[in-house]
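Letter by letter, the sequence shown follows residues -21 to -1, 1 to 147 in mature numbering (1 follows the signal peptide of the UniProt record, and there is no 0). Note that the Cβ used here is the ideal one computed from N, Cα and C, for glycine as well.
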Amino acid sequence: MVINLAFSIFILFCILENSNPIEYKGSFAELGEFPYVVLLLINKGMSCTGGLLEPAWIVTAAHCVVDKQNKKFIPEDITLEKPFEMNNCVNIIEMAGDEWPYKDGGEYRSCIAAGFGDLGKTKSNTKLKKMNVEATHGEKSCPCTKRLECLMLQKKSFKICIPATTIG
């Protein structure tokens, strides 16, 4: 469940990279504030957010690395040229080991989502952004189905449901 939350945070900004259905009410992150968040620069100007799990392992959305148009592309043929060098500004994500607080029939946790999502205000998305979200998990947390993680943004005005089985 904790790993699902970490992947959910990354998926949130991958969703926001492709469409901007809400008004962004976050801010820009400071250097070193989220040392595990990675900007992936893909061909044709596309960029995605990823998370550093190990010095040589990044997790990101599948659509960022699978090219359905190019028949010569081998999906499993993705690698880092060399592992990241760990320091104060580059480090692996730490997974929380504590239980989620339980209230109102679901498990809730306040979190900060961080990523390079497109706000439609600049040409490039190279500035790391952050915003407060409330992650929920449990039978009553998502209206769609009980097997989803949900991220609620700013006063529960917008909810993103993410299948837990597809993110870890």
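Using 10 angstroms around the beta-carbon of residue i, count the other beta-carbons present and answer buried if the total reaches 16, otherwise exposed.
i, result
"T105", "exposed"
"E9", "exposed"
"C27", "buried"
"M110", "buried"
"I37", "buried"
"E86", "buried"
"L20", "exposed"
"V16", "buried"
"K4", "exposed"
"A41", "exposed"
What residue range does the beta strand (DSSP E) around residue i cover?
i, result
"K61", "From DSSP, K61 is part of no beta strand (DSSP E); its letter is neither H nor E."
"C27", "S26 to E33"
"I37", "W36 to V38"
"H116", "K108 to H116"
"V17", "V16 to L20"
Could you say which of the options lies nearest to residue i if we only look at CA atoms?
i, options, result
"I91", "E78, I71, P80 and V112", "V112"
"A34", "K61, S6, M74 and V44", "Position check: residue 34 holds Pro in this sequence, whereas Ala was assumed. Ranking the options by Cα distance to P34, first place goes to K61."
"S6", "E78, T39, W79 and F95", "F95"
"P14", "G30, M74, L20 and K4", "G30"
"V45", "M25, E64 and M74", "M25"
"E78", "I71, N66, T115 and A93", "T115"
"E12", "Y81, P80 and I72", "I72"
Please go through the same chain and pick out, in chain order, the residues whose beta-carbon is closer than 6 angstroms to the beta-carbon of residue i, but skip the five residues on each side of it.
i, result
"S89", "E113"
By Cβ distance below 7 angstroms, which residues in the same chain neighbour residue i in space, the five residues on each side in sequence not counted?
i, result
"F63", "L31, P34 and V69"
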